[in-house]
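Residue numbers (our numbering): 680 to 1012.
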């Protein structure tokens, strides 16, 4: 089955007063129909900007310097802004991180859903648009949708506001739904409800989902495949079982070890020592070399190639090279 979204060698630069930040450096990933892909990594690794670039939603000082983004075989990078306006919200939609800032506080939630329909479903009558908006509110699990349709965002709880944001994103039945940290601003109980809702909706409307998160618990709950990003690059890709039970990259192992475990009684959390690389002056070699306990000279001088393990499981690390005889727990200077 052909991929619905295919991103290859994507490079994104952000121009600042201090210089150019190479925020995304050669990112590639693909998304199959009805699949859920999680992109994980710590803050600043480039996960959000990579996905926003696929929708051409970069800030005014950002640009795609190289790469390809294809939606069902159609190249998006070369399209005009007018053409992209027809695709955003219709073919690709995004659920943003904070529902309170994503919604317009001066408009009722029903009107905000209708605005999306007006932009992409011009053949619908006003009555049909209102009916569709109420149906969407009901679809995302909001009780008494006719009443909620007339309410303003401040009259709803955080979980309900996030459901409204999801309803807006789903208004035009997008082929790809991007969720950027959709549960960050919510408490644990509501987080679980939103994740369950997204899985349920995916089965109902047959959409493909990309979820961006640093919460590995979210990944285990909803995703089929995972891309691990660090320093503006993808360092490991695999299915959920590969990443959680057979991680290969030192950074992935570090992320997993930092997750508190219920069966361990300790007053100290595991951390990855050091800080992320400066992407204004990115490292010449492996982006994780400065923080890796197994770093070698080759790591600091050359980018590691990807090594494939099981089908679809790849990792970019010099430790996988057959010429490397580094034993676990040792490091070479």
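For each residue, glycine too, the CB sits at the ideal point set by N, CA and C.
This structure is a prediction, so every number in the text was calculated from the model and none was measured.
Over the uninterrupted beta strand (DSSP E) stretch that includes residue 906, give me the two end residues.
Looking up residue 906 in the chain shown gives position 227. Element bounds for residue 906: 904-909.
For residue 999, write down the residues that DSSP places opposite it in a beta bridge.
Here the question's residue 999 lines up with position 320 in the chain shown. Answer is none; residue 999 lacks a bridge partner.
With 16 other CB atoms within 10 Å as the buried threshold, where does residue 1014 fall?
Because the chain spans 680 through 1012 in this model, residue 1014 falls outside it and cannot be assessed.
Do you know offhand how far residue 973's Cα is from residue 825's?
Here residue 973 refers to the residue found at position 294 when the chain shown is read from its first residue. Here residue 825 refers to the residue found at position 146 when the chain shown is read from its first residue. Answer to the nearest angstrom: the Cα atoms are 59 Å apart.
Compute the Euclidean distance between the alpha carbons of residue 840 and residue 869, then round it to the nearest angstrom.
Walking along the chain shown from the start, residue 840 turns up at place 161. Walking along the chain shown from the start, residue 869 turns up at place 190. Residue 840 and residue 869: Cα-Cα distance of roughly 11 Å.
Can you list the alpha helix (DSSP H) stretches of 4 or more residues lying completely in the region 821-887, in chain order?
Entirely contained in the region 821-887, the alpha helix (DSSP H) runs reaching 4 residues are, in chain order, 824-828, 837-849 and 867-884.
Going by the beta-carbon positions, is the gap between residue 717 and residue 905 smaller than 7 Å?
As a position in the chain shown, residue 717 is number 38, starting the count at 1. As a position in the chain shown, residue 905 is number 226, starting the count at 1. Contact: yes.
Is DSSP giving residue 936 helix, strand or coil here?
Here residue 936 is taken as the residue at index 257 of the chain shown, counted from 1. It is helical.
How long is the line joining the alpha carbons of residue 728 and residue 702, rounded to whole angstroms?
Position 49 of the chain shown holds residue 728. Position 23 of the chain shown holds residue 702. Straight-line Cα distance between these residues: approximately 7 Å.
Could you give the distance in angstroms between the alpha-carbon of residue 950 and the alpha-carbon of residue 928?
Residue mapping note: residue 950 aligns to position 271 of the chain shown, counting from 1. Residue mapping note: residue 928 aligns to position 249 of the chain shown, counting from 1. Cα-Cα distance, rounded: 16 Å.
With DSSP as the reference, label residue 819 as helix, strand or coil.
The residue given as residue 819 occupies position 140 in the chain shown. Correct three-state label for residue 819: coil.
Can residue 686 be considered in contact with the ligand FMN, in the sense that its beta carbon sits closer than 6 Å to one or more heavy atoms?
As presented, the structure is devoid of all ligands, the ligand FMN included, so that no description of it is given.
With residue 845 and residue 774 assumed to form a contact (beta carbons below 8 Å), what rounded beta-carbon distance in angstroms separates them?
As a first step, residue 845 is located in the chain shown; it is residue number 166 there, counting from the start. As a first step, residue 774 is located in the chain shown; it is residue number 95 there, counting from the start. Right, their Cβ atoms sit about 6 Å apart.
According to DSSP, which residues form a beta bridge with residue 695?
To locate residue 695, count along the chain shown from 1; it is residue 16. Bridge partners of residue 695: 698.
Assuming residue 1054 and residue 901 make a contact with CB atoms under 8 Å, what is their CB distance in whole Å?
What is shown of the chain runs 680 to 1012, which leaves residue 1054 out entirely.
So, under 8 Å CB-CB, residue 687 and residue 746 are touching, yes? Tell me the CB distance rounded to an integer number of Å.
Residue 687 sits at position 8 when you count from the first residue of the chain shown. Residue 746 sits at position 67 when you count from the first residue of the chain shown. The Cβ separation is near 6 Å, so the contact holds.
Between 978, 916 and 971, which has its C-alpha nearest residue 987's C-alpha?
As a first step, residue 987 is located in the chain shown; it is residue number 308 there, counting from the start. Residue 987 has its Cα closest to that of 916, out of 978, 916 and 971.
Rounded to a whole number of angstroms, what is the C-alpha to C-alpha distance between residue 1002 and residue 982?
Sequence index remark: in the chain shown, residue 1002 carries index 323 (1-based). Sequence index remark: in the chain shown, residue 982 carries index 303 (1-based). Going from the Cα of residue 1002 to the Cα of residue 982 covers about 16 Å.
Leaving out five residues on either side along the sequence, give the residues of the same chain with a beta carbon under 6 Å from the beta carbon of residue 967.
One-based indexing of the chain shown puts residue 967 at position 288. 909 and 930.
Apart from the five residues just before and just after residue 959, which ones in its own chain have a Cβ nearer than 6 Å to its Cβ?
Position 280 of the chain shown, counting from 1, holds the residue named residue 959. Excluding sequence neighbours, residue 959 sits near 698 and 700.
Just verifying my parser: in three-state terms, what is the DSSP assignment at residue 808?
Position 129 of the chain shown, counted from the first residue, corresponds to residue 808. Looking at residue 808 - three-state DSSP - the assignment turns out to be helix.
Using the DSSP secondary-structure output, state which residues sit across from residue 753 in a beta bridge.
As a position in the chain shown, residue 753 is number 74, starting the count at 1. Per DSSP, 750.
Please report how far the alpha carbon of residue 853 lies from the alpha carbon of residue 766, in whole angstroms.
Along the chain shown, one-based indexing puts residue 853 at 174. Along the chain shown, one-based indexing puts residue 766 at 87. Cα to Cα, residue 853 sits roughly 9 Å from residue 766.
In this structure, does DSSP put residue 735 in helix, strand or coil?
Here residue 735 refers to the residue found at position 56 when the chain shown is read from its first residue. It is coil, neither helix nor strand.
Which class does residue 953 belong to by DSSP, given the choice of helix, strand or coil?
Taking the chain shown and counting its residues from 1, one reaches residue 953 at position 274. In this structure, residue 953 counts as coil in the three-state DSSP scheme.
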